Amino acid sequence: MTDSTRLPRPLTSWVETVLGPLTAVRDASQPRGNSQVWKVTGRTGDHYVKVAPKPVLYTRETRAYREAVPHLGHGNASALKDSSADLLALILTAVDGKPLKGEESPARRRAAHRQAGQFLRRFHETLPGHQAQGEAAHVVESVQTGLDKHIAEAGDHPLRRLVSTLPSLGPLPAGWRHGDFWERNLLWNGLHCAVIDFERSEPGPLVSDFVKLATSLWPDRPKLRVALFEGYGRSLSEAEERALTAFAAADAASALAYGPRHGDPLVTARGRRTVERLMQEGRL
1442 MTDSTRLPRP LTSWVETVLG PLTAVRDASQ PRGNSQVWKV TGRTGDHYVK
1492 VAPKPVLYTR ETRAYREAVP HLGHGNASAL KDSSADLLAL ILTAVDGKPL
1542 KGEESPARRR AAHRQAGQFL RRFHETLPGH QAQGEAAHVV ESVQTGLDKH
1592 IAEAGDHPLR RLVSTLPSLG PLPAGWRHGD FWERNLLWNG LHCAVIDFER
1642 SEPGPLVSDF VKLATSLWPD RPKLRVALFE GYGRSLSEAE ERALTAFAAA
1692 DAASALAYGP RHGDPLVTAR GRRTVERLMQ EGRL
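The opening residue of the sequence shown carries number 1442 in this note's numbering; numbering runs sequentially from there.
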């Protein structure tokens, strides 16, 4: 290999069985402790090797790549080359682009969000809503359980009251959701957008896919919300808008629990800002 970085030995054997001898390996992990991703190069070109932090995330991602991602179309997402349940590892094709947050042109950034909205709508519609409703109900239950864990000592916390509205909103539009949809997982080459990272994908309420953007980006850049929904092809219903507020409240509680515990000031700040906005305005 021409690169000093090497895959762990069991991975090397499996990857080279699939791709042939590797000529270069580069660590492409995210700056968090449980991220294990490498960019590898061989005679078949560039690929990414990803090891899931947990079996459930491996299962979700492989299922998404097999059942939903192909509907996005060639070049709009990585494709699954192979996977190993024993190693919790996936080999993915490379797609062109860098994280969208680095785009400095407002016009090009809006264009990227329109494309992202189109891809998200396509992804959401992969699974008919009636097939996803059962799992969507489970997601709502999990959100409420998670909230209770994060603010168990907070008593009658305002976040609890917001999340408690979810069951009363009735069945929300459901389908296949990405689970971590924001600019970190959107690659952009100046002309074309691609979606990556499907380890949190599963059927569920579609509106939950907008939470990360609604809490981290749209407050300062409302035109990006307009652009995304132009691409998505429909606006949220009143019930979905109320659900978005409830899901954002749950996300804020999670951020305020996770950020201080892991020394992540950006996550903590996002949680605090969401709480402040919800308390001032009552909704997103």
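Beta carbons: idealized from backbone N, C-alpha and C, even for Gly.
Model, not experiment: these values are computed from the prediction.
At what residue ranges does the region 1513-1586 contain a whole run of the beta strand (DSSP E), taking only runs of 3 or more?
Here the runs fully enclosed are 1521-1525, 1530-1534.
Could you pull out every residue in the same chain whose Cβ sits closer than 7 Å to the Cβ of W1629, ignoring the five residues on either side in sequence?
The residue given as residue 1629 occupies position 188 in the sequence shown. Hits under 7 Å: G1538, K1539, L1541, E1544, A1553.
Beta carbon of A1698 nearer than 9 Å to that of H1598:
Taking the first residue of the sequence shown as 1, we reach residue 1698 at position 257. Taking the first residue of the sequence shown as 1, we reach residue 1598 at position 157. Not in contact: A1698 and H1598 (Cβ atoms no closer than 9 Å).
With a 10 Å radius around its C-beta and 16 neighbouring C-beta atoms as the bar for buried, classify N1475 as buried or exposed.
Against the sequence shown, residue 1475 aligns to sequence position 34. Its Cβ having fewer than 16 others within 10 Å, N1475 is exposed.
Below 8 Å, how does it come out for the region 1561-1578 and the region 1604-1623: are there three or more Cβ pairs, yes or no?
Judged by Cβ distances under 8 Å, the region 1561-1578 makes contact with the region 1604-1623, as three or more pairs qualify.
Do T1567 and A1687 have their beta-carbon atoms positioned less than 9 Å apart in this structure?
Taking the sequence shown and counting its residues from 1, one reaches residue 1687 at position 246. Taking the sequence shown and counting its residues from 1, one reaches residue 1567 at position 126. Cβ distance not < 9 Å, so A1687 and T1567 don't count as in contact.
For S1642, I'd like the list of residues in its chain whose CB is within less than 6 Å of its CB, leaving aside the five on either flank, ordered along the chain.
Against the sequence shown, residue 1642 aligns to sequence position 201. R1501, A1505, H1619, G1620, listed in sequence order.
What's the gap between the Cα of V1481 and the Cα of R1450?
Numbered from 1 along the sequence shown, position 40 holds the residue referred to as residue 1481. Numbered from 1 along the sequence shown, position 9 holds the residue referred to as residue 1450. Rounded to whole angstroms, V1481 to R1450 spans 14 Å at the Cα level.
Given a cut-off of 9 Å on the beta-carbon distance, is the pair G1645 and F1560 in contact?
Mapped onto the sequence shown, residue 1645 falls at position 204. Mapped onto the sequence shown, residue 1560 falls at position 119. Between G1645 and F1560, the CB-CB gap reaches or exceeds 9 Å.
Enclosing alpha helix (DSSP H) for R1713 [first to last residue]
Translated into the one-based positions of the sequence shown, residue 1713 becomes position 272. Per DSSP, R1713 belongs to the alpha helix (DSSP H) from 1706-1722.
Whole angstroms is fine: what's the gap from P1494's alpha carbon to S1470's?
As a working note, residue 1494 is residue 53 in the sequence shown. As a working note, residue 1470 is residue 29 in the sequence shown. P1494 and S1470: Cα-Cα distance of roughly 12 Å.
Might you give, ordered along the chain, the residues of its own chain that have their beta carbon closer than 6 Å to the beta carbon of R1713, omitting 5 neighbours on each side?
Counting from 1 along the sequence shown, the entry for residue 1713 is found at position 272. Cβ within range, chain order: n/a, list empty.
Quick one: is R1551 buried, meaning 16 or more other Cβ sit within 10 Å of its Cβ, or exposed?
For the purposes of this step, residue 1551 is taken as residue 110 along the sequence shown, with counting starting at 1. In the assembly as shown, R1551 is a buried residue. Its beta-carbon has 16 or more other beta-carbons within 10 Å.
Quick one, which of E1508, L1725, E1457, T1503 has its alpha-carbon nearest G1483's?
Taking the sequence shown and counting its residues from 1, one reaches residue 1483 at position 42. The shortest Cα separation from G1483 among E1508, L1725, E1457, T1503 belongs to E1457.
Would you list the residues sitting across from V1412 in a DSSP beta bridge?
With the chain covering 1442 to 1725 only, the question about residue 1412 has no answer from this structure.
Member of Y1499, Q1477, D1487, R1555 whose CA lies at the smallest distance from the CA of G1674
Residue 1674 sits at position 233 when you count from the first residue of the sequence shown. Minimum Cα-Cα distance from G1674 among the listed residues Y1499, Q1477, D1487, R1555 corresponds to R1555.
Identify every residue that forms a DSSP beta bridge with L1627.
The count along the sequence shown starts at 1 and reaches residue 1627 at position 186. Among the bridge pairs identified by DSSP, L1627 is matched with V1636.
Look up A1615 in the DSSP assignment and give the residues it is bridged to.
The residue labelled residue 1615 in the question sits at position 174 within the sequence shown. Paired residue(s): P1646.
Per-residue burial, R1473 [other beta carbons within 10 Å of its own, 16 or more giving buried]:
As a position in the sequence shown, residue 1473 is number 32, starting the count at 1. Answer is exposed; the Cβ neighbour count stays below 16.
List the residues that DSSP assigns as beta-bridge partners of A1465.
Here residue 1465 is taken as the residue at index 24 of the sequence shown, counted from 1. Under DSSP, A1465 forms a beta bridge with T1482.
Using the rule of at least 16 other Cβ atoms within 10 Å of the residue's Cβ for burial, across every protein chain shown, is V1490 buried or exposed?
Counting from 1 along the sequence shown, the entry for residue 1490 is found at position 49. Result: buried.
For L1719, collect the residues of the same chain with a Cβ closer than 8 Å to its Cβ; drop the 5 residues on either side in sequence, then sort them by chain order.
Locating residue 1719 in the sequence shown gives position 278, where the first residue counts as 1. Answer for L1719: P1599, L1600, L1603, T1686, A1689, A1690, A1693, L1725, listed in chain order.
From A1465 to S1649, what does the alpha carbon distance come to, in whole angstroms?
Working through the sequence shown from its first residue, we reach residue 1465 at position 24. Working through the sequence shown from its first residue, we reach residue 1649 at position 208. Using only the alpha carbons, I get a separation of about 39 Å.
For A1595, name the three-state secondary structure that DSSP assigns.
The count along the sequence shown starts at 1 and reaches residue 1595 at position 154. Caution is warranted here: a pLDDT of 46 is assigned to A1595, below 50, making its placement in the model unreliable, and the coordinate value is therefore given only provisionally. Correct three-state label for A1595: coil.
Between the CA atoms of L1654 and W1623 - distance to the nearest angstrom
As a first step, residue 1623 is located in the sequence shown; it is residue number 182 there, counting from the start. As a first step, residue 1654 is located in the sequence shown; it is residue number 213 there, counting from the start. CA-to-CA, the gap between W1623 and L1654 works out to about 6 Å.
Express the C-alpha separation of G1461 and S1454 in angstroms, rounding to a whole number.
Walking along the sequence shown from the start, residue 1454 turns up at place 13. Walking along the sequence shown from the start, residue 1461 turns up at place 20. So the alpha carbons of these two residues sit roughly 10 Å apart.
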